[in-house]
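Q: For the sequence shown, counting from 1, position 128 maps to 128 in UniProt numbering; every step adds exactly one.
The beta carbon of each residue, even a glycine, is placed where N, CA and C say it ideally should be.
Sending over a structure as structure tokens; questions will come in a sec.
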Amino acid sequence: MRKVMTRPRPRPSTSRPPTGRPSASRPSTGRPPTRGDSRRPADRRPRTVPAQPPPHPTEVFAERLLLVLSGQRPLHWAARHIANTAYDDLARLAEITPLSTDGHRPTIQRVGHYQPHPEAYEVFARVATGPRLRALAFRLVLGADRRWRCTAVELEPTRP
């Protein structure tokens, strides 16, 4: 029995890495540029972005559910990842778009999972919709084709 809480993944930087080529506005002198700040040593190593491991299947599917339940994506976009009666449950939930809010885009705060069997995950996620936190739960099962499919979906009931 393992229960795991994942930490939010840092988003990759949108800025471009340095190319190492001299600037077109400065003439090339044939030697590397010097640093004007003598308090810090010059770092001569090229900067590389460390490779991140691929996201866990629970994180990927939590994002998919969030997009469907907030009305940002249609239900058929995630249909091949949903099995059995979970599709009907998700269709009922998606009709009312429970995670759509006025002006706030819902975000996943935290994803955790419990693995009762090597080929199954029971996942719980904390979703922020503006100032409010909501609970989302679903079950992933590894199919015969070695693909993860959702077999159950639940969202906390909305209050009147």
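I want to check one thing, is the minimum distance from the CB of A135 to the heavy atoms of the ligand HEM below 7 Å?
A: As far as ligands go, the structure on display features none, and thus does not contain the ligand HEM.
Q: Flag this pair as yes or no: are the beta carbons of F138 and L65 separated by less than 8 Å?
A: Yes, the pair counts as a contact, with Cβ atoms nearer than the cut-off.
Q: Whole angstroms are fine: how far does the CA of A86 sit from the CA of W148?
A: Those two C-alpha atoms are separated by around 13 Å.
Q: Near L136, what residues of its chain come up, given a Cβ to Cβ distance below 6 Å and the 5 sequence neighbours on each side ignored?
A: Contacts found: A125, V127 and L155.
Q: Determine the direct distance from the alpha carbon of L142 to that of R132, and round the result to whole angstroms.
A: R132 and L142: Cα-Cα distance of roughly 32 Å.
Q: Please list the terminal residues of the continuous alpha helix (DSSP H) segment that includes V60.
A: Residues P57 to L69.
Q: Is H104 helix, strand or coil when you go by DSSP?
A: Three-state result, H104: coil.
Q: Under 7 Å Cβ to Cβ from L75, same chain only, skipping five residues before and after it: list those, please.
A: Answer for L75: V68, L90, A91 and A94, listed in chain order.
Q: Between the beta-carbon of A83 and the beta-carbon of C150, is there less than 8 Å?
A: Yes.
Q: To test your reading of the DSSP string, which unbroken alpha helix (DSSP H) runs of 4 or more residues are found completely within the stretch 83 to 137?
A: If we require 4 residues or more, the alpha helix (DSSP H) runs fully inside the stretch 83 to 137 come out as 86 to 95.
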